[in-house]
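Asks: I'd like to ask you about the structure that follows.
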């Protein structure tokens, strides 16, 4: 019995380097291929999450460019309910915030800051955060909950998807130079939820 245990232990020790090498190989290959994509700046893998830093257009305006939340709602066949949320000012006072709009549809919500960008009070919409679980809410490039992992991958990177990516639970896409993070959660190789977070910093008191 001890002989079998000893043999099993030796096999285990021999297999460890090959398993590590396999994981390193697909990631190194992906990083190497991404160097040919001028809009993909960095790829990392950590704790079941593949992290991609991208400068592609959809990372800046995933829903498109609109003058106000009502225009965006109309482009999506008016599925959202729109409400105004109380917003505290930026701590560094870099932008005077007029208000924040929350667009809600079933269990999904998208929050936009409505900012004055100059002294003439021209306004712009800035994505603040979102939780998206319904396939009716999609990005301009077609990314949405319910799409397959492979179809999603083709929207993000031009390289073939490594087999190892099928076991990854979350793919994080960060917007280059600015603080906006997209978290794509997968279940059974399907996009189950999209979460968007930003680094907007609000003061605790007016």
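In my numbering, the protein residues as written are 3 to 208. Where a beta carbon is used, it is the ideal one built from N, C-alpha and C, also for glycine. Since this is a predicted model, take the numbers as computed values, not measurements.
1. State the DSSP-derived secondary structure class of residue 167, mapped to helix, strand or coil.
2. With distances taken from CA atoms, which of 103, 154, 125 is nearest residue 132?
3. DSSP state of residue 82, grouped into three classes?
4. What does residue 113 pair with, by DSSP beta-bridge criteria?
5. Can you tell me whether residue 75 is buried or exposed? The criterion is at least 16 other CB atoms within 10 Å of its CB, across all chains shown.
6. Within the continuous beta strand (DSSP E) that includes residue 195, where are the two ends?
7. With a Cβ-Cβ cutoff of 9 Å, do residue 156 and residue 53 count as a contact?
8. Can you have a look at residue 24 and say buried or exposed, based on whether 16 or more other CB atoms are within 10 angstroms of its CB?
9. Quick one: is residue 42 buried, meaning 16 or more other Cβ sit within 10 Å of its Cβ, or exposed?
10. Assuming residue 61 contacts residue 177 (C-beta within less than 8 Å), just tell me the rounded distance between them.
Replies: So, to answer that:
1. Walking along the chain shown from the start, residue 167 turns up at place 165. Helix at residue 167.
2. Within the chain shown, the letter at position 130 stands for residue 132. For the options 103, 154, 125, the alpha carbon positioned closest to that of residue 132 is the one of 103.
3. Residue mapping note: residue 82 aligns to position 80 of the chain shown, counting from 1. Of the three classes helix, strand and coil, the one that applies to residue 82 here is coil, per DSSP.
4. If you number the chain shown from 1, residue 113 lands on position 111. Paired residues: 104, 131.
5. Taking the first residue of the chain shown as position 1, residue 75 is located at position 73. Buried, since its Cβ has 16 or more Cβ neighbours within 10 Å.
6. Against the chain shown, residue 195 aligns to sequence position 193. Note, residue 195: beta strand (DSSP E), 192–200.
7. Here residue 156 corresponds to residue number 154 of the chain shown, with the count starting at 1. Here residue 53 corresponds to residue number 51 of the chain shown, with the count starting at 1. Between residue 156 and residue 53, the CB-CB gap reaches or exceeds 9 Å.
8. Along the chain shown, one-based indexing puts residue 24 at 22. Caution applies to residue 24, whose pLDDT of 48 falls short of 50 and renders its modelled position unreliable; the value that the coordinates give is listed next. Here residue 24 is exposed, its C-beta having fewer than 16 other C-beta atoms within 10 Å.
9. To locate residue 42, count along the chain shown from 1; it is residue 40. Counting of Cβ neighbours within 10 angstroms places residue 42 among the buried residues, the total reaching 16 or more.
10. Translated into positions along the chain shown, residue 61 becomes position 59. Translated into positions along the chain shown, residue 177 becomes position 175. Their Cβ separation, rounded to whole angstroms, is 4 Å, which keeps residue 61 and residue 177 in contact under 8 Å.
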